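Notes follow the structure.
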Amino acid sequence: MNNKMNWDHLRSFIAVAKAGSVIAAASTLGVSHATVLRNISKLETTLGSRLFDRLQTGYSITEQGREILAHALEMDEQAKLLMRRASAKNPAPEGLLQIVSPNNALFNLMPVLSKFQDEYPRITIRNEHRAPQAMLRSTADVALAITNTPPDDLVGRQLQRLEFAYFSARDYPLLKGAAQDPSICDWITWGETDDTDPELNSAAQERALRHFAKRPIVKVQTANYADALSATKARLGVSLLRKPQIELEELPFRSNLGQFGLWILTHQDLQRSGKVQAFMDFVVAYFEANSRSSLRSFRITLSGTKARRRNVCLDTHPAHVTPSIHRIVLRNKHWFC
1 MNNKMNWDHL RSFIAVAKAG SVIAAASTLG VSHATVLRNI SKLETTLGSR LFDRLQTGYS
61 ITEQGREILA HALEMDEQAK LLMRRASAKN PAPEGLLQIV SPNNALFNLM PVLSKFQDEY
121 PRITIRNEHR APQAMLRSTA DVALAITNTP PDDLVGRQLQ RLEFAYFSAR DYPLLKGAAQ
181 DPSICDWITW GETDDTDPEL NSAAQERALR HFAKRPIVKV QTANYADALS ATKARLGVSL
241 LRKPQIELEE LPFRSNLGQF GLWILTHQDL QRSGKVQAFM DFVVAYFEAN SRSSLRSFRI
301 TLSGTKARRR NVCLDTHPAH VTPSIHRIVL RNKHWFC
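Our numbering applies: residue 1 is where the sequence shown begins, and numbers increase by one.
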C-alpha cells in the first residue's frame, strides 16, 4: 500500500461511485474518461484494493469500495466546507465565482453576466448548466435555479415566476384535431441531463401528460430544452416550453407544470463572501430594474396596437414576481425566499 493519497484520484472515485459509469463521471468532473480511468487505477494501487467490478452495464462498487466511499464522502464534504469558509472570509468582490444555471435556451443568463462583468472586472466567472441539487455536491458558489422547491440547505430569493405551456409548430400536421383529442399528438420531452430540476425533467413531463392525454406516446426525448425547442419547430410534435413562443402555436392543455420559480441561491456559509454578495445583489437589482421597466412598457402597450402589445417583456413582468416569505440578510439588505 502506497501512503501517498492524491485528492483528484478520490474525486474520480466518488464521481464513478455516484454515476455508475466512467463517461458520466468524466462529464461531471469536466475531464476526459481516460483521466478518470487512470485516477481510479492509481487509487486502487495506492489503497491495495479493488474498488469496482467492471461490468458490461457499468461500474459496480465492491464491498471494500463501499467502506472507502463512506470515508471519502466525509472528506469531500469537509473539503468543500473548508473552501466555502475560506471564500467567505474574503470581503472583496474578486476572484473566481462558480455558478450553476439552467440551459441558456430556457433562461439566458448571458446578458446579466455581461453587465455584471462590466461592473466587477476583478471577478472571473465559471458557469455550468446544472440543477440546483448539483450545487450541494459541488464547489459552486451560486445557483440560478428553475424550481418550486429549492433545496433546504441553500438560502436565497425567488426572482420571478416563469410560465410554461404546450406548443407545436403552426403547420404541425396533427394540430387541427389536437385540442379536441390530445392523445393523437406526438410528444416531445426534455431534461435527460442533470441541468434540469427533477420537478421539471423528462420523467416529470411524462407523468404530467397522463393527466390529460390517454396513453400519451413520447416520440422524441431530448437531453436538453434547446433540442426540444428545435424539434418542436421542426414539426416533430408537441412540447412543454416556456412562454411566450411567438413563432409557435400554444395548445390549450393544462398541467401541473404550468409555473415555476426562478431562484438565486447560495450556501449559508457563503452569505458574507464579497463576490457572492456582489453577484446576488446585482442580479436582484437587475431583475427589479427590468420589472419596473416592463411595467412602464406594459402600460404604454395597453393603449397601442396588437403588434405593439407583443413588445411587452413577459420575462420580468411584475405579476411574475412573488412576495417574500422567509427572510435572510445579505450586506444589510433584506433577502427573501
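A virtual CB, placed ideally from N, CA and C, is assigned to each residue, including glycine.
Model, not experiment: these values are computed from the prediction.
How close, in whole Å, do the beta carbons of V112 and Y225 come, if the pair is a contact with beta carbons under 8 Å?
Numbered from 1 along the sequence shown, position 112 holds the residue referred to as residue 112. Numbered from 1 along the sequence shown, position 225 holds the residue referred to as residue 225. At roughly 18 Å, the Cβ-Cβ gap does not stay under 8 Å, so V112 and Y225 are not in contact.
On a CA-only basis, which of R254, Q117, Q160 and E199 is nearest P151? Give me that one, please.
Residue 151 sits at position 151 when you count from the first residue of the sequence shown. Nearest option by C-alpha distance: E199.
Does the structure place the region 39-49 close enough to the region 62-70 that three or more beta carbon pairs sit under 8 Å?
The region 62-70 makes contact with the region 39-49, as at least three CB pairs between them are under 8 Å.
Would P121 and K275 qualify as a contact pair, given that the criterion is a beta-carbon distance under 8 Å?
Translated into positions along the sequence shown, residue 121 becomes position 121. Translated into positions along the sequence shown, residue 275 becomes position 275. No, the Cβ-Cβ distance between P121 and K275 is not below 8 Å.
Taking C-alpha atoms, which residue in L97, T149 and E74 lies nearest to A140?
On the sequence shown, residue 140 is found 140 positions in, with the first residue counted as 1. Looking at the Cα atoms, L97 is the closest of the given residues.
Output needed for R215: all residues of its chain with C-beta closer than 8 Å, excluding positions within five of it in sequence on either side, in chain order.
By 1-based counting over the sequence shown, the position of residue 215 is 215. Cβ neighbours of R215 beyond the five flanking positions: S183.
Using the three-state DSSP reduction, which class does L10 fall into: helix, strand or coil?
Reading the sequence shown from its first residue, position 10 is the one you call residue 10. L10: helix per DSSP, three-state reduction.
So, at 6 Å on beta carbons, what are the nonlocal neighbours of I99 in its own chain, with the 5 sequence-adjacent residues on each side left out?
To locate residue 99, count along the sequence shown from 1; it is residue 99. N127 and V142, listed in sequence order.
Closest to S101 by CA distance: which of V16, T266, Q277 and E288 is it?
Here residue 101 is taken as the residue at index 101 of the sequence shown, counted from 1. Taking only the C-alpha atoms, the option nearest S101 is T266.
If you reduce the DSSP assignment to three classes, tell me which class K243 lands in.
Taking the sequence shown and counting its residues from 1, the one referred to as residue 243 is at position 243. Collapsing the DSSP output to three states places K243 in coil.
Those runs of the alpha helix (DSSP H) which lie wholly inside the region 83-128 and span at least 4 residues:
110-119
What three-state label does DSSP hand Y59 in the structure shown?
As a first step, residue 59 must be located in the sequence shown, where it is residue number 59. Strand, per DSSP.
Got a sec? Which residues, its chain only, sit under 6 Å from T305 by beta carbon, not counting five neighbours each side?
Walking along the sequence shown from the start, residue 305 turns up at place 305. Any reading at T305 needs caution, since the residue's pLDDT is 36, under 50, leaving its predicted position unreliable; the model's value is listed next. Excluding five sequence positions before and after T305, none of the CB atoms of its chain fall closer than 6 Å to its own CB.
N- and C-terminal bounds of the alpha helix (DSSP H) containing I40:
For the purposes of this step, residue 40 is identified with residue 40 of the sequence shown, where counting begins at 1. Per DSSP, I40 belongs to the alpha helix (DSSP H) from H33 to L47.
So, for E249: in the same chain, excluding its five sequence neighbours on each side, which residues have a beta-carbon less than 8 Å away from its beta-carbon?
For this step, residue 249 is matched to residue 249 along the sequence shown. Hits under 8 Å: F167, S168, A169, R170, Y172 and L175.
In the DSSP assignment, what residue or residues form a beta bridge with A143?
Residue numbering aside, residue 143 sits at position 143 when the sequence shown is read from its first letter. The partner list for A143 (beta bridge, DSSP) reads V100 and L265.
Distance, N201 Cα to N256 Cα
The residue given as residue 256 occupies position 256 in the sequence shown. The residue given as residue 201 occupies position 201 in the sequence shown. So the two alpha carbons sit approximately 13 Å from each other.
Which whole runs of the beta strand (DSSP E) in the region 152-195 are 3 residues long or more, in chain order?
154-168 and 186-190
Closest by C-alpha distance to S291, when choosing among A178, Q205 and R161
Sequence index remark: in the sequence shown, residue 291 carries index 291 (1-based). Comparing alpha carbon positions, the residue from A178, Q205 and R161 closest to S291 is R161.
For I246, count the other beta carbons within 10 Å of its own beta carbon; 16 or more makes it buried, fewer makes it exposed. Which is it?
Counting from 1 along the sequence shown, the entry for residue 246 is found at position 246. Under this definition I246 is an exposed residue.
Rounded to whole angstroms, what is the Cα-Cα separation between V283 and L240?
The residue you call residue 283 lines up with position 283 of the sequence shown. The residue you call residue 240 lines up with position 240 of the sequence shown. If I take the Cα positions, the gap works out to 27 Å.
Please report the distance separating the alpha-carbon of L159 from that of S230.
By 1-based counting over the sequence shown, the position of residue 159 is 159. By 1-based counting over the sequence shown, the position of residue 230 is 230. Spanning the two alpha carbons is a distance of roughly 27 Å.
Look up T28 in the DSSP assignment and say whether it is helix, strand or coil.
Sequence index remark: in the sequence shown, residue 28 carries index 28 (1-based). Reduced to three states, the DSSP call for T28 is helix.
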